[in-house]
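There are 2 protein chains.
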Amino acid sequence: MPKISDRGLKMPSSPIRKLVPFADAAKKRGTKIYHLNIGQPDIKTPAAALKAVSESELDIIAYSPSEGYEWYRDKIAEYYGRIGVGIDASDIIVTSGASEAIQFVMNSCFDAGDEIIVPEPFYANYNGFSKTGNVIVKPITASIDDGFGLPPMSDFEKEITSKTKAILICNPSNPTGYLYSKEELEVLKEIVLKHDLFLMVDEVYREFVYDEREHTSVLSLEGLEEHAIVFDSVSKRYSACGARIGMIISRNREMITTALKFAQARLSPPTLGQIMGAAMVDVPQTFIEESITEYDKRRKVCIERLQKMDGVVCPRPGGAFYLFVKLPVDDTEKFCKWLLEDFNFNGETVMLAPGAGFYSTSGLGRQEARIAYVLNTGALHKAMDCLEAALKSYPGKI
Amino acid sequence: MPKISDRGLKMPSSPIRKLVPFADAAKKRGTKIYHLNIGQPDIKTPAAALKAVSESELDIIAYSPSEGYEWYRDKIAEYYGRIGVGIDASDIIVTSGASEAIQFVMNSCFDAGDEIIVPEPFYANYNGFSKTGNVIVKPITASIDDGFGLPPMSDFEKEITSKTKAILICNPSNPTGYLYSKEELEVLKEIVLKHDLFLMVDEVYREFVYDEREHTSVLSLEGLEEHAIVFDSVSKRYSACGARIGMIISRNREMITTALKFAQARLSPPTLGQIMGAAMVDVPQTFIEESITEYDKRRKVCIERLQKMDGVVCPRPGGAFYLFVKLPVDDTEKFCKWLLEDFNFNGETVMLAPGAGFYSTSGLGRQEARIAYVLNTGALHKAMDCLEAALKSYPGKI
């Protein structure tokens, strides 16, 4: 039998997917599960976006240009203009989700063995994309004690070598919800200019900010035109994860030209998704405002409930729809599995994402877990009831 | 300014896209171009597939499972049952086009420096995907003299080393249209079993066969269960290239499990495309039969016209919708550019894909070009008029 590759063997499994068989078994036993483990919003996709597809008069679903339709890239530029970022269609490549955007940029900016610095905990799939591209992740550990804020500049300086090509952050962060301030971005700017690095920012949660705070796009920082690369997506903003429409945005012409070669090899991003995406730009801002109001309610319910639980540490992050919490348990992988296998509270349980999978440094995050507040407040209260009861009866409680 | 990677610099540009600026300039001058350069069918997507999307009652365009919806994979298995191949949903991973399928399989089966043997001329993007994954393409040259049939077994044996992991063919072939016979597949079977290699077959043009011939899927060969991997797609079969729905099919459980890890990292294939894809399986076979009848008419027009042109060599391939021809010119890259820049016949011209881009061996294919017969017979006659006139007046004629 022919052998699969070492690359394949070493590719990490998704930390969230590992629990899926246990969740399936629990469902078969009739247990109701509150899914706080994945970032799949329950908000309805804007009706106008769905209508744009059903009313489209396309009779051939043809390839689009590899960089995306120009009319769609013009609409994206219009959206960016509204958030105060001046770009045009030529600064944009439309991709199959932000996932593909990250891969094209990794291929364009890194050779095998090159290094990328990422504050951890970070979005687990950055690991997978790095492994695929033979890129080495150099983590810098952020601390729950300051809510996972930007580690000090000296921590970055320590990790920079001749192989370092970029710093990557997610702002606001998946998995911590942390919203990096303009001042923190200025610190990163100083580092990348000093060492001539790319500054890659995953801004897919850009619109989801709370407590009257404001999001600063890295694209709005002056002097970073050649260094800044943004990953964006319609998935979370418009609750359309399955549209598979993401994008690379950068004013670095050489990088865009290079990424386009990878884009051409795979021919085109989805045509129907681009029709939806263009319609989304015309969706009134009230759609997003209502989403934010709803997520903020949920955020407050979760934070309030979690902060009342004995031994739980729950920071109050400024963005996204995630909380990254510390639980009084031996190991959240075991705990999350136990929640599905051995626990129920009135026939219900809750599914969380264990924290270790979001760290690159082995041994970290064992007491932490990510909570995605993607259910309505009624369901969240019940999920918190489950968690509260579980923490009281879990045998590995510490 | 931060530097892009060597990987990015070395990534080949699409041989077809290079001509696009010249085509754009010709259009601006008012020249009408017959596009025989890309495999974008002009056949209408089945109305039932478009209707399935517009009548879908989804109100959240959510992620699908990373391997694709089970109901869609069941429909794919139903389609395969109809062509005599017994597989089930667990043998299938749905991807964003066959392009993504090829990349997941390359990552799963090859480490950096491993080798893949591919008869040339081959689909140009195999080069790009190989470069991306640091896989070395070992070409085996097929000859126009026997219509680009399978090179002798000894040619393969000569290229096999300890680094060889797979043989890849496209059947029927893009770019040559060559339909590999069952006997030729049996030869490949013997080689891969002897050397324990994967046999990867891109079967996206499977349905397009002519002259009463039959296509043999590699999945129907006994004894190859662990070795055979098929790339498939709805793009050409149902004229839905922009749906971005491809798939990996294999009974090799370890390979599927490994490829799934790469699929999980990118979350999911397009949701709307899967709705279209499932509806396509129920489209009456008459849709495909009518497509084949139409393509066959076009094929005959092109072959008849080309074989009458002085100095042109045009084999009569059994499948796909491509012809790979030899032209009496110095260099088809120059000729194709000249067709766009310096030539017109009553205000019209034709765009072809130069042959060299489909070869991995440098220097080959300079007199060859790929013709995609994706226009109606009236347009094809006019395109052939242009080509005939051009070959008479081209200064580099030999």
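Residue numbers (the working numbering), protein chains in the order written: chain A, 1 to 398; chain B, 1 to 398. All C-beta atoms in this analysis are idealised placements derived from N, C-alpha and C, irrespective of residue type, glycine included.
Among the candidates the options, whose CA atom is the shortest distance from the CA of residue i?
i               : options                           : result
F104 of chain A : B:L36, B:C386, B:M11 and B:F110   : B:M11
R213 of chain A : A:V135, A:T361, A:A390 and A:A320 : A:A320
V283 of chain B : B:P269, B:R237 and B:C241         : B:R237
D88 of chain B  : B:R244, B:I76, B:E368 and B:T45   : B:I76
I16 of chain A  : A:Y178, A:Q307, A:N171 and A:P354 : A:P354
F403 of chain B : B:G396, B:A379 and B:E368         : Shown here, chain B extends from 1 to 398; a query on residue 403 of chain B therefore has no answer.
K51 of chain A  : B:G363, B:S54 and B:C336          : B:S54
E184 of chain B : B:P152, B:K158 and B:A379         : B:P152
S96 of chain A  : B:G273, B:L340, B:T216 and B:N346 : B:G273
A356 of chain B : B:M276, B:N127, B:G311 and B:T257 : B:N127
R266 of chain B : A:E78, A:K182 and A:S99           : A:S99
A101 of chain A : A:T361, A:E67 and A:Y80           : A:E67
D91 of chain A  : A:Q307, A:I256, A:D342 and A:C314 : A:I256
R370 of chain B : B:F122, B:R244, B:Y79 and B:R206  : B:F122
E157 of chain B : B:E190, B:K182, B:G133 and B:D111 : B:E190
E120 of chain B : B:V20, B:T361 and B:Y205          : B:T361
Please confirm if residue i has its CB atom under 9 Å from at least one CB of chain A.
i               : result
E226 of chain B : yes
M247 of chain B : no
P402 of chain B : In the structure as shown, chain B begins at 1 and stops at 398. Residue 402 of chain B is therefore absent and cannot be evaluated.
Y373 of chain B : no
E222 of chain B : no
C302 of chain B : no
V192 of chain B : yes
F208 of chain B : no
R73 of chain B  : no
R266 of chain B : yes
D42 of chain B  : yes
R244 of chain B : yes
F61 of chain B  : The residue you asked about is not Phe; residue 61 of chain B is Ile in the sequence shown. So yes, I61 of chain B belongs to the interface.
G128 of chain B : yes
G97 of chain B  : yes
V53 of chain B  : yes
For residue i, is the classification buried or exposed, using 16 other Cβ atoms within 10 angstroms of its Cβ as the cut-off for buried?
i               : result
K261 of chain A : buried
N171 of chain A : buried
G242 of chain B : buried
I83 of chain A  : exposed
P395 of chain B : exposed
L219 of chain B : buried
G363 of chain B : exposed
M280 of chain A : buried
T401 of chain B : The question about residue 401 of chain B has no answer, for chain B in this structure spans 1 to 398.
A47 of chain A  : exposed
M1 of chain A   : exposed
L150 of chain A : buried
N37 of chain B  : buried
S235 of chain A : buried
G30 of chain B  : exposed
L179 of chain B : buried
I398 of chain A : exposed
K392 of chain A : exposed
K308 of chain B : exposed
D111 of chain A : buried
L327 of chain B : buried
Using beta carbons (cut-off 9 Å, strictly below), is residue i in contact with chain B?
i               : result
M351 of chain A : no
T286 of chain A : no
E354 of chain A : It is Pro, not Glu, that sits at residue 354 of chain A in the sequence shown. With 9 Å as the cut-off, P354 of chain A does not count as an interface residue toward chain B.
G8 of chain A   : yes
I38 of chain A  : yes
A259 of chain A : yes
C109 of chain A : yes
E120 of chain A : no
At a cut-off of 8 Å, would you count residue i as near the ligand FMN, judging by its Cβ distance to the nearest heavy atom?
i               : result
F110 of chain A : Among the ligands in the structure shown, none appear at all, so the ligand FMN cannot be discussed.
*Would you check if the segment 345 to 352 of chain A and the segment 379 to 394 of chain A touch, i.e. whether three or more CB-CB distances between them fall below 8 Å?*
yes
_Runs of 4 residues minimum, wholly inside the segment 307 to 382 of chain A: which ones carry the alpha helix (DSSP H) assignment?_
332 to 341
_Inter-stretch contact at 8 Å, needing at least 3 Cβ pairs: the segment 160 to 168 of chain B / the segment 98 to 117 of chain B_ = yes
_the segment 194 to 202 of chain A / the segment 218 to 230 of chain A touching (three or more Cβ pairs under 8 Å)_ = yes
*Determine, using beta-carbon pairs with one atom in the segment 126 to 141 of chain A and one in the segment 286 to 302 of chain B, whether at least three such pairs fall under 8 Å.*
no
_Quick check on the DSSP output: what are the complete alpha helix (DSSP H) runs of length 4 or more inside the segment 86 to 173 of chain A, in order along the chain?_
97 to 109, 125 to 132 and 153 to 159
*If we count Cβ pairs, one from each stretch, closer than 8 Å, do we get three or more for the segment 25 to 41 of chain B versus the segment 372 to 380 of chain B?*
yes
*Which residue spans inside the segment 230 to 293 of chain A form an unbroken beta strand (DSSP E) run of at least 3?*
246 to 250
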